[in-house]
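Whatever position you read off the sequence shown (first residue = 1), add 613 for our numbering.
Shown next, in structure tokens, is the structure this report addresses.
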Amino acid sequence: MLTLDGVSVAYGAVEVLHGVSLRVEAGELVCLLGANGAGKSTTVRAISGLLRPTAGSISFLGERLDGRPAHAVLKKGIAQCPEGRRIFPEMTVLENLEMGAYVRGGDGARAGDLERVFHHFPRLQERLGQLGGTLSGGEQQMLAIARALMSAPKLLLLDEPSLGLAPTMVATVFQVIHEIRRQGVTVLMVEQNAALALQMADRAYVMESGCIALEGAARDLLHNADVRRAYLGG
614 MLTLDGVSVA YGAVEVLHGV SLRVEAGELV CLLGANGAGK STTVRAISGL LRPTAGSISF
674 LGERLDGRPA HAVLKKGIAQ CPEGRRIFPE MTVLENLEMG AYVRGGDGAR AGDLERVFHH
734 FPRLQERLGQ LGGTLSGGEQ QMLAIARALM SAPKLLLLDE PSLGLAPTMV ATVFQVIHEI
794 RRQGVTVLMV EQNAALALQM ADRAYVMESG CIALEGAARD LLHNADVRRA YLGG
């Protein structure tokens, strides 16, 4: 479904991704692990069209995407839930959700789409008229994921979905991600909680200094001595 082949990305004169290659097959949940500054978020931003590669190619469903603007990537079926949530704080929960469906034009935020979102996040239904900026951190994360889902994506990019959340809210968010995947949405997830991510994922990539250092089945990496020492505390 998604293929990155030798992708490099630079911020000005500084290259931060160096020939990254990875793939995500339809129906998979793939996680991207690595320390802060390893290039994980940069990789996601390149896929979503927010950064333009200086080398290599990005293909989705057999079509080249690299060089296309973010709105064109979204229309092709790739939605990103960014690190830090990035909701619209002065808009209501409903307005945030409607913005997620904007790319679909006249189709808009249909009742069925909202119903599916509320199935995952019933708390949002209780707060439809509330301003996004007044929600708790966990509720804002729910809203950010729900907004991405409103575009009916084929591929969902999740950038640190558990960052800054209380343990109980982390469990809720991961359960929702599991349900989303079961319903047929392919997921590429950057996640700081390596243990939980590897337990959920089909495959994983480990990044170091802008390169892919390790890749393999998630269950194998979960028991890999180097991965355990670096990310799992043992």
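Ideal placement from N, C-alpha and C gives every residue a C-beta, glycine not left out.
No experiment lies behind these values; they were computed from the predicted model shown.
Considering residue 684, what are the terminal residues of the alpha helix (DSSP H) in which it resides? 683-689
Comparing alpha-carbon positions, which option in 700, 803, 702, 813 lies nearest residue 647? 803
C-alpha distance - residue 688 paired with residue 713, whole-angstrom precision: 11 Å
If distances are taken between C-alpha atoms only, which option among 781, 823, 700 comes closest to residue 747? 700
Would the beta-carbon of residue 666 fall within 8 Å of that of residue 679? yes
Measure the C-alpha to C-alpha separation of residue 702 and residue 751 and round it to an integer number of angstroms. 14 Å
Residues near residue 764 by beta carbon distance below 7 Å, same chain, minus five either side: 687, 692, 713, 714, 716, 717
Do the CB positions of residue 800 and residue 793 come within less than 8 Å of each other? yes
Heavy atom of the ligand NAP less than 7 Å from the Cβ of residue 815, yes or no? As for the ligand NAP, it is missing from this structure, which has no ligand bound.
State the Cα-Cα distance for the pair residue 844 and residue 659, rounded to the nearest angstrom. 25 Å
Nearest to residue 767 by alpha carbon, out of 673, 663, 705, 634? 673
In terms of DSSP beta bridges, what is residue 829 paired with? 817
Locate the beta strand (DSSP E) running through residue 671, then write down its first and last residues. 668-673
Nearest-angstrom Cα distance between residue 819 and residue 756? 28 Å
Going by beta carbon distance, what residues of the same chain come within less than 7 Å of residue 683, once the five residues before and after it are set aside? 661, 662, 663
In this structure, does DSSP put residue 798 in helix, strand or coil? coil
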